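Numbering (this note's numbering), first residue to last: 45 to 223.
Backbone N, C-alpha and C fix where the C-beta goes; we use that ideal spot for every residue, glycine too.
Every value quoted in this text rests on a predicted model; they were computed, and no experiment measured them.
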Amino acid sequence: MNKFLNYISIAVVAFTLFSCNKNEWTPEKEAEFKRGLKDGLEEKANGMCTKEQIDFIADCSFEKIKSNNYKPKDLKTPGIVLHIKQLTQECTKEVFLKNKSKTGESAWTPQTEKGFKALIKDKFINSGTNIKDAIFMAECTMAKLKEQNLGPAEIQDPKNATIAFEAGKSCREELMKKK
């Protein structure tokens, strides 16, 4: 999930660095900014977000940027870039928490679940795990997170990092017992 948030942040920064010439927000610049952010999110989200969630993140991020009185040229300042990354991460958490409060469930949709499993599987494969074991680990980890009622937003919370880590560790132990 953190990798996904980094992609979001990179998309925001890249778009802002190359798209803003004057230092005032116009409806055209706002639309261009949001379009660029949405395009970047769709490309980098890897199935983790629906179109509606991407729209929410883009709108939320832009509103937070405006509420901080950031102008287009301000978005090129390194300190402000870091703050914008934090704002975008907040918006991403909000969209998942918003979904949870509506459904009363843990905000996992088939799309976010598929994307998260793919992310976990890829991490295991990149660390040298074979594909079959990586798929097992991804499925098992997802099941354990759901048992704990941890959704995408909760996984990002540092307080829950231990729980997510323990879920993966438990799955690895299960895999070793099977062999």
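The beta carbon of G212 sits closer than 6 angstroms to those of T185, all from its chain and outside the five residues before and after it, given in chain order. Relative to T156, the option among G195, Q133, F180 whose CA is nearest is G195. Distance from the CA atom of K176 to the CA atom of K158, rounded to whole angstroms, is 16 angstroms. Contact annotation: K115 and E68 have beta-carbon atoms nearer than 9 angstroms.
In the three-state reduction of the DSSP assignment, A182 falls in the helix class.
In the three-state reduction of the DSSP assignment, K188 falls in the helix class. Judged by DSSP in its simplified three-state form, N67 adopts coil rather than helix or strand. Judged by DSSP in its simplified three-state form, A205 adopts helix. Closest by C-alpha distance to K78, out of E191, I101, E87, is I101. Burial state of G84 is buried, judged by a 10 Å Cβ sphere holding 16 or more other Cβ atoms. Taking all protein chains in view, the Cβ of E72 is surrounded by fewer than 16 other Cβ atoms within 10 Å, so the residue is classified as exposed. Per DSSP, reduced to three states, the secondary structure at A197 is helical. The alpha-carbon of D201 is positioned some 13 angstroms away from that of L189. Nearest C-alpha to E217 among T206, S111, F180: F180.
In the structure shown, the three-state DSSP call for N113 is coil. For K167, the enclosing alpha helix (DSSP H) starts and ends at 154 to 170. A direct Cα-to-Cα measurement between S214 and I207 gives close to 10 angstroms.
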